[in-house]
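Peer 1: Would you mind keeping the following structure in view while I ask a few things?
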Amino acid sequence: MVYSSEETQEKLERLARLIRGAGHAEGLIPAQWDVLRYLARANRFSNSPIATAHYLGTTKGTISQTIQALLRKDLVTSVSRGNDARSVVLTLTEKGEALLARDPLATIGKDLAALRGKTQKHLGRAVADLLQSETTRQGAPLFGSCEGCRMFLAGKEPVCASFGERLSEIDLTGLCQKFRAVKSKTGQIEK
Ligand code: SF4
């Protein structure tokens, strides 16, 4: 069956609502699950409250309340970032990681993995394109990982030109707030 763009939009909206609804689980609300998932994916340059707020498209005040609730539940820790008392690093606790292993959205991940082959590849590309368009329209940061970032200096010891730091294996795969998509010679963002 071929779906029209209107039908696909309607299905995307319904899926987003169902995903949101599934976030009322294990004593948490959807916004709290969103933060746990983000922190599990963020690299070390992006695990701050403000980066979390930017990724989730929410305000500093709202994210602060959500983080306070997660701190009270002992699901995350918050410590100063080096000598900068104004900036903190958020990290999942063991309890937070154990809870995330029971993420109610894991079933969607399994469904996506089960698609396989061209269907999975085309869906991935289509969703990435939609996200790119919407973040550009809203002026929101894209977020992404080092592969495909123009600040990434590959080599035996990869370096980030933006942060001026060497990148570890773990750094390379995390979501980054400073991600800048590589552009082709025609100025198009490469995918
Ligand atoms: S290379 Fe890009 S994605 Fe990687 S840490 Fe630097 S800014 Fe972030």
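Sequential numbering from 6 applies to the sequence shown in the numbering used here. All C-beta atoms in this analysis are idealised placements derived from N, C-alpha and C, irrespective of residue type, glycine included.
Can we count LEU104 as close to the ligand SF4, meaning its CB is less than 8 Å from some heavy atom?
Peer 2: No, the beta carbon of LEU104 sits no closer than 8 Å to any heavy atom of the ligand SF4.
Peer 1: By Cβ distance, which residues of its chain are closer than 8 Å to ARG86, with the 5 residues on each side in sequence left out?
Peer 2: Counting only Cβ-Cβ distances below 8 Å, and skipping sequence neighbours, we find SER53, SER92, VAL93 and VAL94.
Peer 1: Quick check: the region 137–151 against the region 170–180, are there 3 or more CB pairs under 8 Å?
Peer 2: Taking 8 Å as the limit for Cβ pairs, the verdict is that the region 170–180 does touch the region 137–151.
Peer 1: For THR96, which of helix, strand or coil comes out of DSSP?
Peer 2: In the structure shown, THR96 sits in a strand (DSSP, three-state: E or B).
Peer 1: Take LYS183 as the anchor and find which of ALA36, LYS123, ALA56 and TYR8 has the nearest alpha-carbon.
Peer 2: For the residues ALA36, LYS123, ALA56 and TYR8, the minimum Cα distance to LYS183 belongs to ALA56.
Peer 1: Could you check if GLN122 is buried or exposed, using at least 16 other CB atoms within 10 Å of its CB as the buried criterion?
Peer 2: The sequence shown places Gly at residue 122, not Gln. Exposed: under 16 other Cβ atoms inside 10 Å.
Peer 1: Would a C-beta distance cut-off of 9 Å place ARG130 and GLU31 closer than the cut-off?
Peer 2: In this structure, GLU31 does not lie closer than 9 Å to ARG130 by Cβ.
Peer 1: Quick check on the DSSP output: the beta strand (DSSP E) that includes ARG86 runs from which residue to which?
Peer 2: That run of the beta strand (DSSP E) goes 81–86.
Peer 1: Locate the alpha helix (DSSP H) running through GLY129, then write down its first and last residues.
Peer 2: Element bounds for GLY129: 122–143.
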